[in-house]
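Here the structure comes first, spelled out in structure tokens, and everything after it is commentary.
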Amino acid sequence: MVEVQSYEERLATPFEPSDVKFSEIQAAIPQHLRQKTFTRALLYVFRDAAFSYLFYYLGSRIESNAWLAGIPGLRWVAWGTYWFWQSVAWGGFWTLAHEACHGNFSTHYFGNYIMGWILHTFLLVPHFAWQSTHLTHHKYTNSLERDENFVPYTRDRMKLPKEEVATAMDYEEILGEAPLFILIRLIMQQALGWPAYMFFNTMGAEMYPAGTNHFSPWSPLFKPKERHLIAFSDVGVLGMSYALYQWTQVVGLASFMKLYFIPWLITNHWIVMLTFLQHTDPSIPHYRVGQWSWLRGGLATIDRPLLGWIGRFFLHNISHDHVAHHLFPTIPFYNQPEVTEAIKPVLKEDYCYDGTNTFVALYRSFKECAFVENDGGVLFYKDRTGKVLRELRDQPSLETSGGVDTFALTGKSSATDSSPKLQTFKAADPTVRMRGHH
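Start counting the sequence shown at 1; every next residue gets the next number (full-length UniProt numbering).
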């Protein structure tokens, strides 16, 4: 059994980028794990849909249940139970749509398109818009210039004085907050973070202008050739919104709020929680041009036991096996647990796992991951006192494993693309070009 570093051990170990070659990681993966079956993926959809309907059936009878009405407060306990289980079931919908984004439902793109669009549309997610930015995230994970979500704020963006003149009072004045206020802001992130990202690109890449969103076909997030898909996503969201409006006319606003809106809001919380914690941690680096590579970015990922067996069952391993997913995103989720076990002996201490209670880790990362420095190629978050919690052994040069490859900084293949000026990025291995993702 491979010994895995704990969070505390990782923090105490000065960081140096991995020297593992991607070809070595690939060689550890049995070929049969790469196979995907549309029928098997559909069975997971039907299973999740069956659970969701069961929860809805039970929830729709809470108000009329005389036994629940006879015990003070018990009805609200029942509603809370419904909201939790329905939200994780819908989190499963979102995760399966995420798998479709990577082509893991079927070897035929149409099956992936349709299943992803249906599942995301039910949750009011613009499927193809999110797919576009999500695949860019996979292509440029933890790149300060090009990643698409939860991009760290720099010292300048936080309006902090330069490091050499900043005092403890400066940090306290700008970043200091009482624990209760930090908790309130965290709750706001969890409740509003997902729609804020969709509508305003909140915590997205800083290079995009104000007004950037996931709904406009002309958003700078997308290529011109994607505009018809973005419009199709919008049609789905508008259609689902109209269906919910008509349903509300039948069942009433209170039933809509209790049966759909509140579990939908909690589903958004799970989405923000799992995506935030996958790459935001005091022990995980971010990179700038000259230090970033595809493999380095992929290894800047943490596996977490989110919700224990519930997360494995309903959220389809998305947090338990996220390192494997970033290295092999076209391997379907039902094979990722085996991939994780296969890569651990190869990665050794470069495999990142944190068994900390996920809610504790969420608060810890929100509190301690305040900003990164303006300069440097390999950067770790600093906390609200300006202290970095993990040291860098030295500022290394980029010696890529298994050969050198290049991507444009924009990640756009269109010659007419109007994105920011092209720069050179290096990928960790010439075999890695996000096969089948564009």
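Using N, Cα and C, we set each Cβ at its ideal position, and we do this for glycine too.
Which whole-angstrom value is the C-beta distance of Ala361 and Arg384, which I expect to be below 8 Å? Contact flag wrong, Cβ pair sits at about 17 Å.
Taking Cβ positions, are Ala12 and Val346 nearer each other than 8 Å? no
Return the chain-ordered list of same chain residues with a C-beta closer than 6 Å to the C-beta of Gln131, the five sequence neighbours on each side being excluded. Cys101
Drop a sphere of 10 angstroms on the beta-carbon of residue 456, count the other beta-carbons inside from all chains shown, and report buried for 16 or more, exposed for fewer. The requested residue 456 is not part of the displayed model; the chain covers only 1 to 438.
So, helix, strand or coil for Ser219, using DSSP? coil
From the DSSP output, in three-state form, read off His269 for me. helix
Is the Cβ-Cβ distance between Cys288 and Glu391 less than 8 Å? The question names Cys, yet the displayed sequence has Arg at residue 288. No. Outside cutoff.
Going by Cα to Cα distance, which pick from Ile184, Ser255, His286 and Leu327 is closest to Trp26? The residue you asked about is not Trp; residue 26 is Gln in the sequence shown. Comparing Cα-Cα distances from Gln26 to each of Ile184, Ser255, His286 and Leu327, the minimum goes to Leu327.
Buried or exposed by the 16-neighbour rule on C-beta atoms within 10 Å, applied to Lys159: exposed
So, is Thr280 buried or exposed, given that buried needs 16 or more other C-beta atoms within 10 angstroms? buried
Less than 8 Å between the beta carbons of His269 and Ala210, yes or no? no
How would you call Arg61, buried or exposed, if buried means at least 16 neighbouring beta carbons within 10 angstroms? exposed
Between Tyr334 and Arg40, which are expected to be in contact by the criterion C-beta below 8 Å, what is the C-beta distance as a whole number of angstroms? 7 Å
Could you spell out the range, first to last residue, of the alpha helix (DSSP H) harbouring Val251? Arg227 to Val251
Ignoring anything shorter than 4 residues or poking outside the stretch 256 to 336, list the alpha helix (DSSP H) runs there in chain order. 262 to 279, 294 to 299, 308 to 314 and 322 to 327
Going by C-alpha distance, which of Thr340, Asn201 and Pro14 is nearest Glu148? Asn201
On the criterion of 16 or more Cβ atoms from any shown chain inside 10 Å, does Ile302 qualify as buried, or is it exposed? buried
Sub-8 Å separation of His127 and Thr121 beta-carbons: yes
Taking C-beta to C-beta, are Pro332 and Asn112 nearer than 8 Å? no
Ala428 by DSSP, collapsed to three states: which one? Residue placement at Ala428 cannot be trusted, given a pLDDT of 38 that sits under 50; what the coordinates show is reported in the next sentence. If DSSP states are grouped into helix, strand and coil, Ala428 belongs with coil.
List, from N- to C-terminal side, the alpha helix (DSSP H) runs of 4 residues or more that fit wholly inside the stretch 9 to 44. 22 to 27
In the DSSP output, which residue or residues are listed as bridge partners for Ser143? Tyr287
Cut-off 8 Å between Cβ atoms - residues of its own chain near Trp218, not counting five sequence neighbours on either side: Arg227
Return the bridge partner residues of Leu379 from the DSSP annotation. His286
Thr340 to Leu180 span [Cα, whole Å]: 37 Å
Are the Cβ atoms of Pro305 and Gly376 separated by less than 8 Å? no
Quick check: what's the CA-CA separation for Ile310 versus Ala49? 16 Å
What does a CB cutoff of less than 6 Å around Ala129 pick up in its chain, not counting 5 residues either side in sequence? His214, Ile230 and Ser233
Report all residues from its chain with a CB closer than 6 Å to the CB of Leu389; omit the five preceding and five following residues, and keep chain order. Leu11 and Pro282
DSSP bridge partner residues for Phe84 (one or two, in chain order): Partner(s): none; Phe84 has no beta bridge.
Where does Phe110 fall in DSSP's three states? helix
For Val372, name the three-state secondary structure that DSSP assigns. strand
Can you list, in chain order, the residues of its chain whose CB lies under 6 Å from that of Ser6, leaving out five sequence neighbours each side? none
Taking only beta-carbon positions, decide if Glu9 is within less than 8 Å of chain C. In the displayed structure, chain C is absent; only one protein chain is listed.
Would you decide whether Leu307 is buried or exposed? Buried here means 16 or more other CB atoms lie within 10 Å of its CB. buried
Use the C-beta contact count for Val251: other C-beta atoms within 10 angstroms, 16 or more gives buried, fewer gives exposed. exposed
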